[in-house]
Structure formats: C-alpha cells, structure tokens
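A short worksheet on the structure shown next.
If you want it as structure tokens, here you go:
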C-alpha cells in the first residue's frame, strides 16, 4: 500500500523557541494523515511540541554535482565565523 | 523453572466441589455478586485491555509501517488505561489482587468487557470500524468520568481522554478515506460497519450495577451519551459517503460474563505466559 502513497518529509520542533529540524520521512495518502503518521512514527517518546510535513517532491534541493562551486568558496573565509566574541553563559542554543 | 501445565490449583478443586453445580462450566450463578464499584472498574478496565490486546495482533501485519505504529500506539494507550483501572479495581476489592493478577489470572467468565472489543480484527476496514465506534463512545464516557465524584476515576479519565480524542479522530479520518476511496475500500468499510453495528447498543446499556453508581455521581450514565454518538456517526458516515448500517438484532452479554468464543482464544494467548510461568519477571 505504501508504494502508492507519496513521500513526506517530517520536521519536529523539540521545544518552544527552537526551530523545526528534519527527522525523517513517512508515506501518507494526504496531508492530514501525513501529520498523523508523523506523530505516530516520530513523537512516541515526547520528541516534540510541533510538527511540519512537506511533500518530498516539493523540496527544491541543490545539485550534489555542483557542491564544489556552491560550498567550497566559503571554506577559506574564516572571518565570516563570529568566533571572536564572548557569548554569555545564559545564552544557549547558538 | 518447569511450566506448571494444568493451572488448576487445590483451592480451585475445593471451591468447585462446593459450588451448586459441582463447578460445571458456566452453570448457574457461579460468580458471586461483587461490589458495584469493583464490577464497574472491571468493565472500564476490561474494555481497554481486550481491545488493546486485539490491536497488538496487528503488530508486524498492518498494511504499512505507519499504520502498524498507529495501531500499536492506540493499543498501548488502551493497555495503559487498563492498568490504571484494574489496579484501582484491585485496591477496591482488597483481596490482594493487582492489575496484573486481574488481567492474567482471571477466567473468561469473570471478564466484564463489552462484546465489541473481543471480536476478531478482520481486515483493516473492520478494525477501523470497531475503533471508530468504540473510541467515539469512550470519548463521551471519559469526558463524563472526568467529572466523577470518585477522584481516582476522575483522574484516570482526565488523563485518558486526550488519548481517546486522538483515537476517535484518527479512526474517523480512516472511515472517511476508506468509505470515500475506491470501490473495494468502500465495500470493505461498509461490511466492517455492518458487522460491528450489532455490538453498539450494548455499549450504552445501563444496569443495576451502574444505576447505583450513577446516582452516587461516580459512574457516567451511558444512556445519556447516545444522542451525541449518533450525531457524530452520522456526520462521519455522511463525509464518507456511507449510509448508516441497518440494525441487525443487537447482541449483548459481555457485562455479565457471557462472551463470544473469541474471548477465550484471545485470553489463551494473552494469559499463557504468566500462567505457565507464574514467577516470571521482566
């Protein structure tokens, strides 16, 4: 049956204030059941407080073949990293 | 540890000999009347326990991995409810029986679940029909029980009602999709609802056991839940392009221990291990 169902990517917000993170994918016949399936498969152990599902076919991805020109130019630009600041202990999730 | 094959204990034999019919199977009034609250808690706990056990039979066999987990999740929620209700029943009874003892060391005639929950799974549509009918009733029941004057029951119901709302919504979603799906899914959904419709009336029966508890504000009057149930079923069936099943003769008896043959087979599987190895621990 799942062969006939489209694939959906699942994103979970683990707690308020954090962003949704990709956790995996599921098959489902439509959007409403995709949310239910995502809930039943990925949040059985209190993993999250919010769910997104997106049709996998709706995701526009970069071309792996183009990884060189896309990402390597950033490699040598160490000055773009904000590592020269002291971050106060109370600021988390950075 | 050797398996203790026959589970008949010396006490059982003595008890059987003293019984009016020499302990013959299902003869006369073999089971002594029990306090109403104990009986009521068994009804609540056994409904959840038996349906939970039924749903676990799908584990590894469902049409898709996602559904496998959906059904197992519902089953585990129900077994969790059963644990709470049966532990409380044991406390009320005060005969040193806890939830496990009541679940695994009680015989079929002493079970108080309604007949709907013990019916075999059938196909996926039939399982969904049973779940939709049961969870829709249970949702109303637990909403009522959350206001019970017995705080321990109110507490269990308040916790469980969130689980049950999800069960009721999920199964309604599936009724709509199967009913409004292909010709085959519609046929199976119709057959599933037709089969289970005969077990619906029993879920709304109120007898003397419950009447006294309703008056005390402990139990929820099942009869009062019928109107909302009918409205919800009609709404979902309309969305599913299905018609309401025609009433076959209603079947009853589970609340007084008169079960279909299916329950015995279910218990044989469920109770085998703790009865064969009574000292086994996790």
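Protein chains in written order, with this note's numbering: chain A, 1 to 94; chain B, 95 to 376. Quick reminder that beta carbons are idealized off the backbone N, C-alpha and C, glycines included.
Close-in-space but distant-in-sequence residues of the same chain around residue i (CB under 6 Å, 5 per side omitted)
i                      : result
residue 333 of chain B : 270
residue 48 of chain A  : 12, 13, 14
residue 357 of chain B : 202, 212
residue 277 of chain B : none
residue 304 of chain B : 313
residue 322 of chain B : 234
residue 348 of chain B : 207, 208, 209
residue 38 of chain A  : 10, 26, 51, 53
DSSP beta-bridge partners of residue i
i                     : result
residue 50 of chain A : A/13
residue 7 of chain A  : A/27
Nearest neighbour of residue i, chosen from the options [CA to CA]
i                      : options                    : result
residue 175 of chain B : B/301, B/232, B/285        : B/232
residue 5 of chain A   : A/17, A/16, A/29           : A/29
residue 294 of chain B : B/228, B/358, B/335, B/302 : B/228
residue 261 of chain B : B/282, B/283, B/226, B/305 : B/226
residue 230 of chain B : B/360, B/366, B/327        : B/327
residue 160 of chain B : A/19, A/25, A/21, A/20     : A/25
residue 41 of chain A  : A/56, A/23, A/31           : A/23
residue 342 of chain B : B/280, B/296, B/336        : B/296
residue 345 of chain B : B/373, B/209, B/362, B/374 : B/209
residue 257 of chain B : B/275, B/274, B/234, B/331 : B/234
residue 21 of chain A  : A/33, A/85, A/43, A/7      : A/43
residue 172 of chain B : B/318, B/282, B/150        : B/150
Residue i, DSSP secondary structure in three states
i                      : result
residue 22 of chain A  : strand
residue 55 of chain A  : strand
residue 338 of chain B : coil
residue 312 of chain B : coil
residue 376 of chain B : coil
residue 207 of chain B : coil
residue 276 of chain B : coil
residue 221 of chain B : helix
residue 152 of chain B : coil
residue 62 of chain A  : coil
residue 285 of chain B : helix
residue 271 of chain B : helix
residue 261 of chain B : helix
residue 144 of chain B : helix
residue 77 of chain A  : coil
residue 87 of chain A  : coil
residue 44 of chain A  : coil
residue 299 of chain B : coil
7 Å CB neighbourhood of residue i in its chain, flanking five on each side removed
i                      : result
residue 288 of chain B : 339
residue 307 of chain B : 130, 131, 134, 313
Other residues of its chain near residue i: CB distance less than 8 Å, five sequence neighbours each side excluded
i                      : result
residue 320 of chain B : 298
residue 17 of chain A  : 93
residue 290 of chain B : 210, 213, 220, 223, 224, 227
Residue i: CB within 7 Å of a non-hydrogen atom of the ligand FAD
i                     : result
residue 24 of chain A : Looking for the ligand FAD in the displayed structure turns up nothing, as the structure carries no ligands at all.
Within chain C, partners of residue i - CB distance below 7 Å
i                      : result
residue 167 of chain B : This model lacks chain C altogether; the protein chains it does include are A and B.
Taking 8 Å as the threshold, find out whether the stretch 262-272 of chain B comes into contact with the stretch 242-253 of chain B through three or more Cβ pairs. They do not touch, by the three-pair rule.
Check whether the stretch 52-59 of chain A touches the stretch 73-91 of chain A, taking contact to mean three or more Cβ pairs, one atom from each stretch, closer than 8 Å. Touching, no.
Is the number of C-beta pairs between the stretch 350-365 of chain B and the stretch 192-202 of chain B that are closer than 8 Å three or more? The answer is yes - the stretch 192-202 of chain B touches the stretch 350-365 of chain B, with three or more Cβ pairs under 8 Å.
Would you say the stretch 180-194 of chain B touches the stretch 128-145 of chain B, given that touching needs at least three Cβ pairs under 8 Å? The stretch 180-194 of chain B, when compared against the stretch 128-145 of chain B, does touch it at the 8 Å Cβ threshold.
For the structure I just gave you, are there three or more beta carbon pairs, one from the stretch 207-221 of chain B and one from the stretch 155-168 of chain B, closer than 8 Å? The stretch 207-221 of chain B, when compared against the stretch 155-168 of chain B, does touch it at the 8 Å Cβ threshold.
With a threshold of 8 Å, are at least 3 pairs of Cβ atoms found where one atom belongs to the stretch 310-326 of chain B and the other to the stretch 237-246 of chain B? Yes, since at least three Cβ pairs between the stretch 310-326 of chain B and the stretch 237-246 of chain B fall closer than 8 Å, the two stretches touch.
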